[in-house]
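To start, the structure under review is shown below, and the notes come after it.
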Ligand SMILES: Nc1ncnc2c1ncn2[C@@H]1O[C@H](COP(=O)(O)OP(=O)(O)OP(=O)(O)O)[C@@H](O)[C@H]1O
Ligand SMILES: [Mg+2]
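Residue numbers (the numbering used here), protein chains in the order written: chain A, 25 to 428; chain B, 41 to 353.
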């Protein structure tokens, strides 16, 4: 067996005996995902995904408002999807939303039925929690499709009808009454039916990205990056504990030594990924149908992580400074790259910085895969991760002064 | 020339402006046990590091088995075993795992590796605790394992850099025995130390190094002749002041007086005759004598003679 493989195997053995490393690389992410998982309510329930908490406030006194409420609360499929509360007090409901108890809130206005019967344009308001944007958008789509169904039903009796749904972030609630600048569509019966189809199939796909999926994958990627801290530890310790000098006086090339070290770091990452992947799958996290794509992205992440280890070890010359720098970098990348909350909730001008992070490229690719994208569509993501690997590695080796 | 396993030629090493090795020339024969004796910071480790291809010299060269360490480091490395001054082991691996790993780094494998590992364990006296993690070992056991790793591949020449630093006398004796055994089996050894007793007992030939220069070289006996019959009278005493030291210095036949931490050292070529005078000077000055000892000429005295300072501060 080649010497560099021996060096890698030696490092794997050392990591397997390093209890603090195992606790951070495996224990912590498992506990966090488990806690988030049960907080999100899907654990232990039979349904494949968490039910989304939503509320409806029906201020309409006519029949159509009631119809909509029944449409959402009584369909069997929708019942599986939403945990719907029907409330009377709009203020109270909005407070619930702000406290984070709800993902979305539908308010049907007072004169809803009257306006429809008078053939006037009407609108319903969907308020959403920006932190649960994915779930909220599912609800919004459902409301939209029901609105269209009602509009088209009325078409039979009336000549033209416009119903549209306005969605608002909680933060914007002040312009409750502001008019939407969307074009008001004219809807024929046929249009309405096909629109409902389209929406429903969209819902089928979208529903796969739950909060659990989001956090399960996001946390996994983030904790894979913590591997770079232990990788840098291993590189720096080899120097501090004088075993690097001892390696250098054996007839072993520098290339084998650095290659072996990196192989060890990478391989620890592979083991960590496989364990966390299985763990999240058991908990019900959907990584999407394209497993090859998932593994390709994981490969990219682990290579970039390995490169980052080399860079860390060149910037921080001892275990203590690695321990100070590495977690900081990993957490900043997790924040900017969307491991902790969806990038879409950040201000728009800030969003592109995710493309400076490993997490950003990985999660961007993973969410495409969850939405059913093919391998081709994530190749740019893999390419970006490979580019990071080379950039980090070369920068690190250059800083280390390969000859010293 | 053919017999010389290591040849050091005009070796110079600088750390920025500081000259750590300053023009060393040495020849070590196959099977020889060569001692490099010098105080802290003399340049012993730097010299060993250049021989073992860890550091590059500023100028000069080292030839190991005829191979220049500058041009053919890999060929030179195969011939050398190194026991570094700083213990270099993986603390969370067992002795056996450490030996197997380092053996493989020297290209050993299979049955040969197994045989060599067992041999090294036996030599280091660690047979009983091979499956224990090195972090649980005592300092002496770590030192012994540190040595065992250096001899796995049966090197032609073994570089040992202060292998007995900081351990108890028992482990130290074990290590000195090991060094002798290895040398008897034909391994040339370069042994650095600042313990003159060790070097005196062990080595065929001794080089004394200070400030990066070899200031004297020869067998222990040859070196001792440099200072003639210099005896050292060592007095452990209390209440010693400068006047007492001055008085001792003025005695006839006394060449040199050193005083350090309640220990007075009087050097003289006429040990027996001076002894009684030393005692009477001390008595007159009301110095309380705890012990008195007279030593034959030794390398310590040689060093003192050559540099005007003691090997250990
Ligand atoms: N990396 C370095 N950078 C700068 N100076 C150094 C470096 N390594 C050693 N030195 C200096 O070079 C001189 C020789 O050091 P060296 O380690 O060779 O001494 P030594 O004889 O092995 O001493 P000791 O008995 O304490 O091990 C010392 O003055 C030391 O301070
Ligand atoms: Mg030294």
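Glycine included, every Cβ here is placed at the ideal spot set by N, Cα and C.
Keep in mind it's a predicted model, so treat the numbers as computed, not measured.
In the DSSP assignment, residue 232 of chain B falls within the unbroken beta strand (DSSP E) covering 228-233. If one requires a minimum length of 4 residues, the alpha helix (DSSP H) runs lying completely within the stretch 126-187 of chain B are 135-145 and 150-164, in chain order. Less than 8 Å separates the beta-carbon of residue 151 of chain A from that of residue 128 of chain A. Interface flag for residue 128 of chain B against chain A is set, since a Cβ pair is found closer than 8 Å. Judged by DSSP in its simplified three-state form, residue 98 of chain B adopts coil rather than helix or strand. Scanning B/92, B/180, B/164 and B/82 for the CA closest to the CA of residue 221 of chain B turns up B/164. Chain B places a beta carbon closer than 8 Å to that of residue 266 of chain A, counting this residue as a contact. CA-CA distance, residue 93 of chain A to residue 162 of chain A, rounds to 16 Å.
With a cutoff of 8 Å on beta-carbon distance, residue 271 of chain A and residue 145 of chain B are scored as near each other. A Cβ closer than 5 Å to some heavy atom of ligand 1 marks a residue here, and those residues are B/55, B/60, B/80, B/81, B/82, B/83, B/84, B/85 and B/86.
The secondary-structure analysis by DSSP pairs residue 257 of chain B across a beta bridge with B/247.
Here residue 82 of chain A is not near residue 48 of chain A, since their CB atoms are 8 Å or more apart. Put simply, the backbone Cα of residue 313 of chain B is about 23 Å away from that of residue 278 of chain B. The beta carbon of residue 412 of chain A lies closer than 7 Å to those of 328, 331 and 382 in the same chain, with the five residues before and after it left out. The closest heavy atom of ligand 2 lies less than 7 Å from the beta carbon of residue 125 of chain B.
Ranked by Cα distance from residue 237 of chain B, the first of B/112, B/267, B/202 and B/256 is B/202. At least one beta carbon of chain B lies nearer than 8 Å to the beta carbon of residue 271 of chain A. Using beta-carbon distances, residue 122 of chain B counts as an interface residue toward chain A, with a partner under 8 Å. Here residue 107 of chain A is not near residue 142 of chain A, since their CB atoms are 8 Å or more apart. Here the C-alpha atom of residue 44 of chain B lies approximately 42 Å from the C-alpha atom of residue 299 of chain B. Counting of Cβ neighbours within 10 angstroms places residue 123 of chain B among the buried residues, the total reaching 16 or more. When the beta-carbon positions are compared, residue 419 of chain A and residue 335 of chain A come within less than 8 Å of each other. For residue 92 of chain B, the closest Cβ of chain A is nearer than 8 Å. Against chain B, the CB of residue 34 of chain A has a partner CB under 8 Å away; the residue lies at that interface.
Under the criterion of beta carbons closer than 8 Å, residue 248 of chain B and residue 346 of chain B qualify as touching, at roughly 7 Å.
At least one beta carbon of chain B lies nearer than 8 Å to the beta carbon of residue 274 of chain A. Neighbours of residue 27 of chain A in chain B, taken as residues at a C-beta separation under 9 Å, are given in chain order as 144, 145 and 147. Minimum Cα-Cα distance from residue 241 of chain B among the listed residues B/172, B/303 and B/213 corresponds to B/213. Between ligand 2 and residue 202 of chain B, a heavy atom-to-CB distance of less than 7 Å is present. Spatial neighbours of residue 186 of chain B in its own chain (CB-CB distance under 8 Å, excluding positions within 5 residues in sequence) are listed in chain order as 123, 124, 127, 128, 129 and 203. DSSP links residue 261 of chain A through a beta bridge to no other residue. Within chain A, the C-beta atoms nearer than 8 Å to that of residue 117 of chain B come from 273, 274 and 275, in chain order. Taken through DSSP and simplified to helix, strand or coil, residue 335 of chain B comes out as strand. DSSP, reduced to helix, strand and coil, places residue 120 of chain B within a strand of the structure shown. Going by DSSP, residue 148 of chain A is part of the beta strand (DSSP E) stretching over 146-152.
Neighbours of residue 132 of chain B in chain A, taken as residues whose beta carbon is under 9 Å from its own, are 37, 38, 41 and 42 in chain order.
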